[in-house]
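Asker:
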Ligand SMILES: C[S@@+](CC[C@H](N)C(=O)[O-])C[C@H]1O[C@@H](n2cnc3c(N)ncnc32)[C@H](O)[C@@H]1O
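Numbering (the working numbering), first residue to last: 19 to 218.
1) Could you pull the start and end residues of the beta strand (DSSP E) that residue 79 belongs to?
2) Can you give me the C-alpha to C-alpha distance between residue 24 and residue 150, rounded to a whole angstrom?
3) Please list, in chain order, all residues of the same chain as residue 101 whose beta carbon is under 7 angstroms from its beta carbon, the five residues on each side excluded.
4) For residue 217, count the other beta carbons within 10 Å of its own beta carbon; 16 or more makes it buried, fewer makes it exposed. Which is it?
5) Once DSSP output is grouped into helix, strand and coil, what is the label at residue 161?
6) When burial is assigned at 16 or more other CB atoms within 10 Å of the CB, is residue 133 buried or exposed?
7) Any heavy atom of ligand 1 within a distance shorter than 7 angstroms of the CB on residue 66?
8) So what does residue 45 bridge to, in DSSP terms?
9) For a quick check, are the C-beta atoms of residue 49 and residue 127 less than 8 angstroms apart?
10) Under three-state DSSP, which class holds residue 151?
11) I'd like to know whether the C-beta atoms of residue 144 and residue 138 end up nearer to each other than 8 angstroms.
12) I'd like to know if the stretch 78 to 92 and the stretch 60 to 67 are in contact, where contact means that at least 3 CB-CB pairs between them fall below 8 angstroms.
13) If residue 200 and residue 213 are in contact, beta carbons under 8 angstroms, what's the gap, nearest whole angstrom?
14) How about residue 19: is its Cβ closer than 7 angstroms to a heavy atom in ligand 1?
15) Taking only three categories from DSSP, how would you classify residue 230?
16) Measure from the alpha carbon of residue 95 to the alpha carbon of each residue in 54, 33, 58 and 141, then state which is nearest.
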């Protein structure tokens, strides 16, 4: 099948997690450690990370707001995987539905932050409302002490733990979760925060 031409959208876009092998390894480690079965990704883009997730999760649900990017992702790679469900729309609207049949064995990768509207707080609030305690990874996070790792801001607010603490507390309960950051990265070298429920 002839592949659709892909626009250049991000640095190191042609491999999972913007070509960051350290992050790829950490995602796999978390899946094993918590015996996670389902992955949800917000921000499919061209689908490289989605396809990667499908190789070690039973089921992957992904949501993308751009019909053009989703079309390319589906045609060029995602349609090959029977365990991937693609969704067109805004994560802040579709997440409640995606979370409906999910349990604590869910991994959520929040990566839908492009453009003027940042859905991150709304995404975390939907997770809290769902009542599940998933493992969460958020891309493009400010990592204290690691200026070499890139991060995003929304309206001048960098993505920081303090900015989102209220939402994390609502999901797990205060003091019922661990969080940590990446310290090494390859490819686009972006910061990542990982949040996991304390093992009971
Ligand atoms: C950084 S890219 C995602 C990269 C992809 N996860 C990967 O690892 O290759 C961000 C994507 O989020 C999408 N996006 C932006 N706002 C969104 C929203 N509210 N809901 C869903 N997708 C959104 C953008 O169109 C873009 O494709």
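C-beta atoms are modelled at their ideal positions from N, C-alpha and C, and glycine is treated no differently. In this text, all values refer to a predicted model and were calculated from it rather than measured experimentally.
Answerer: Looking at the coordinates:
1) As a working note, residue 79 is residue 61 in the chain shown. Residues 77 to 82.
2) Here the question's residue 24 lines up with position 6 in the chain shown. Here the question's residue 150 lines up with position 132 in the chain shown. Near 36 angstroms, if we compare the C-alpha coordinates of residue 150 and residue 24.
3) As a working mapping, residue 101 is identified with position 83 in the chain shown. 72, 76, 77 and 78, listed in sequence order.
4) Counted from its first residue, the chain shown places residue 217 at position 199. By the neighbour-count rule (16 or more Cβ atoms within 10 Å), residue 217 is not buried but exposed.
5) Counting from one through the chain shown, the residue named residue 161 turns up at place 143. Residue 161 falls in the coil class under three-state DSSP.
6) One-based indexing of the chain shown puts residue 133 at position 115. So residue 133 counts as exposed.
7) Within the chain shown, numbered from 1, the residue matching residue 66 stands at position 48. Within the cutoff, so yes.
8) Walking along the chain shown from the start, residue 45 turns up at place 27. The partner list for residue 45 (beta bridge, DSSP) is empty, contrary to what the question assumes.
9) For the purposes of this step, residue 49 is taken as residue 31 along the chain shown, with counting starting at 1. For the purposes of this step, residue 127 is taken as residue 109 along the chain shown, with counting starting at 1. Result no, Cβ atoms of residue 49 and residue 127 do not sit closer than 8 angstroms.
10) Taking the first residue of the chain shown as 1, we reach residue 151 at position 133. Residue 151: coil per DSSP, three-state reduction.
11) Residue numbering aside, residue 144 sits at position 126 when the chain shown is read from its first letter. Residue numbering aside, residue 138 sits at position 120 when the chain shown is read from its first letter. Cβ distance not < 8 angstroms, so residue 144 and residue 138 don't count as in contact.
12) yes
13) Within the chain shown, numbered from 1, the residue matching residue 200 stands at position 182. Within the chain shown, numbered from 1, the residue matching residue 213 stands at position 195. The pair is not a contact, with the Cβ atoms about 13 angstroms apart (cut-off 8 angstroms).
14) Translated into the one-based positions of the chain shown, residue 19 becomes position 1. Residue 19: no, Cβ never under 7 angstroms from ligand 1.
15) Absent from the structure is residue 230, since the part of the chain shown begins at 19 and ends at 218.
16) Taking the first residue of the chain shown as 1, we reach residue 95 at position 77. Put simply, of 54, 33, 58 and 141 the residue whose alpha carbon is nearest the alpha carbon of residue 95 is 33.
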